[in-house]
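Enquirer:
2 protein chains.
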Amino acid sequence: MTDEYFMQQALKEAQRAFEEDEIPIGAVVVQDNRIIARGYNMTEKLNDPTAHAEMIALTSAFSFLNAKYLPDATLYVTVEPCVMCAGALYWSKLRRVVWGASDAKNGFSRVQPVTSPFHPKTEIVTGLLEDECAALMKAFFKAKR
Amino acid sequence: MTDEYFMQQALKEAQRAFEEDEIPIGAVVVQDNRIIARGYNMTEKLNDPTAHAEMIALTSAFSFLNAKYLPDATLYVTVEPCVMCAGALYWSKLRRVVWGASDAKNGFSRVQPVTSPFHPKTEIVTGLLEDECAALMKAFFKAKR
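Protein chains in written order, with this note's numbering: chain A, 1 to 145; chain B, 1001 to 1145.
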């Protein structure tokens, strides 16, 4: 399986969020070429502004593996992680983090960190299926206006 | 009730963490002069490196108030929040955040943000009962060595 395939799966999660009137961001965690956890943004449904796709997918992955760290896993998320999620990804010690669309307003980069928030052992890949990931966000916010 | 009183309550939560062999950090959320949520670090017990005192207390507060934001609440935490928790506090839109000990290694300041990670409407107070909060951390790590 390719990175593109797994990002398409993260997009499916984002589509679920969209259909439930949530900001459409989705994530999957992959280890040994299979999806071990999924998540999509549930901040409205759970009345919890911390219920982001990444947080939900990470907690599910820890539970599935019964492990506190994910050194052999990759997390795919459709949009640049926010400050909170970047910090959560740091603690998770993932092998790789891959995201699609950048997010200048709400992504971690809004605080202009001098030092990367990610774990030094985590490889970061950005811009995968960026147009598809961004298009879903744009469609959501356009419908909201 | 004073800020000191509520920080003492956060210290009680931290003490609970200490007794359960968790890094001793505790938090309480206060609204209308009463504690509406508590949390202490449970990363070992839950096998989840995101199970920080602040995350647990925040999610409990959202649930208690059935609200997504906490504009009338203050969160007290014994140690400077990490990047993840600083991001969660941003999303929570608290009125105030008060912490005790600073944490150069794991606190949010490790990434040297040019822009504050906290919400512009949130008042930040630092250094409250700093010595007591730091002493508990030092005792924990000394015992671990």
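Don't be surprised by glycine CBs; every beta carbon is placed ideally from N, CA and C. Treat the numbers as computed from the prediction; the structure is a model and nothing was measured.
Please compile the residues from chain E whose C-beta is within a distance smaller than 9 angstroms of the C-beta of residue 69/A.
Expert: Absence of chain E from the displayed structure is noted, the protein chains being A and B.
Enquirer: Can you tell me whether residue 72/A is buried or exposed? The criterion is at least 16 other CB atoms within 10 Å of its CB, across all chains shown.
Expert: Result: exposed.
Enquirer: Please classify residue 1001/B as buried or exposed, where buried requires at least 16 other C-beta atoms within 10 Å of its C-beta.
Expert: Exposed, since its Cβ has fewer than 16 Cβ neighbours within 10 Å.
Enquirer: Step through the CB atoms of chain B and report whether any lies within less than 9 angstroms of the CB of residue 105/A.
Expert: It does not: the Cβ of residue 105/A has no partner Cβ on chain B nearer than 9 angstroms.
Enquirer: Among 31/A, 63/A and 20/A, which one has its Cα closest to the Cα of residue 43/A?
Expert: Answer by Cα proximity: 20/A.
Enquirer: Does DSSP put residue 1132/B in a helix, a strand or coil?
Expert: In this structure, residue 1132/B counts as helix in the three-state DSSP scheme.
Enquirer: With 9 angstroms set as the bound, which would you pick, yes or no: does the beta-carbon of residue 1091/B sit closer than that to a beta-carbon of chain A?
Expert: By this cut-off, residue 1091/B is an interface position.
Enquirer: With 8 angstroms as the limit, tell me which residues of the segment 1101-1127 of chain B have their beta carbon closer than that to any beta carbon of chain A; keep them in chain order.
Expert: Answer set for the segment 1101-1127 of chain B: 1108, 1110, 1111, 1112, 1113, 1114, 1115, 1116 and 1117.
Enquirer: Should residue 1074/B be flagged as near chain A, meaning a C-beta pair shorter than 9 angstroms?
Expert: Chain A contact via Cβ: absent.
Enquirer: Along chain A, which residues have their Cβ under 9 angstroms away from the Cβ of residue 1058/B?
Expert: Result: 48, 49 and 50.
Enquirer: Can you tell me whether residue 1104/B is buried or exposed, with buried defined as 16 or more other CB within 10 angstroms of its CB?
Expert: Exposed.
Enquirer: Mind pulling the alpha helix (DSSP H) runs of 4 or more residues that sit fully within the segment 73-122 of chain A?
Expert: You should have 83-92.
Enquirer: Just to check my reading of the structure: residue 1040/B and residue 1025/B have Cβ atoms closer than 8 angstroms, yes? What is that Cβ distance to the nearest angstrom?
Expert: Yes, they are in contact, since the Cβ atoms of residue 1040/B and residue 1025/B sit about 7 angstroms apart, within 8 angstroms.
Enquirer: Tell me whether residue 1114/B is buried or exposed, calling it buried when 16 or more other Cβ atoms sit within 10 Å of its Cβ.
Expert: Exposed: under 16 other Cβ atoms inside 10 Å.
Enquirer: Taking DSSP's pairing of strands, which residues face residue 40/A in a bridge?
Expert: Bridge partners of residue 40/A: 26/A.
Enquirer: Could you give the first and the last residue of the continuous alpha helix (DSSP H) run that contains residue 1045/B?
Expert: Element bounds for residue 1045/B: n/a, residue is neither H nor E.
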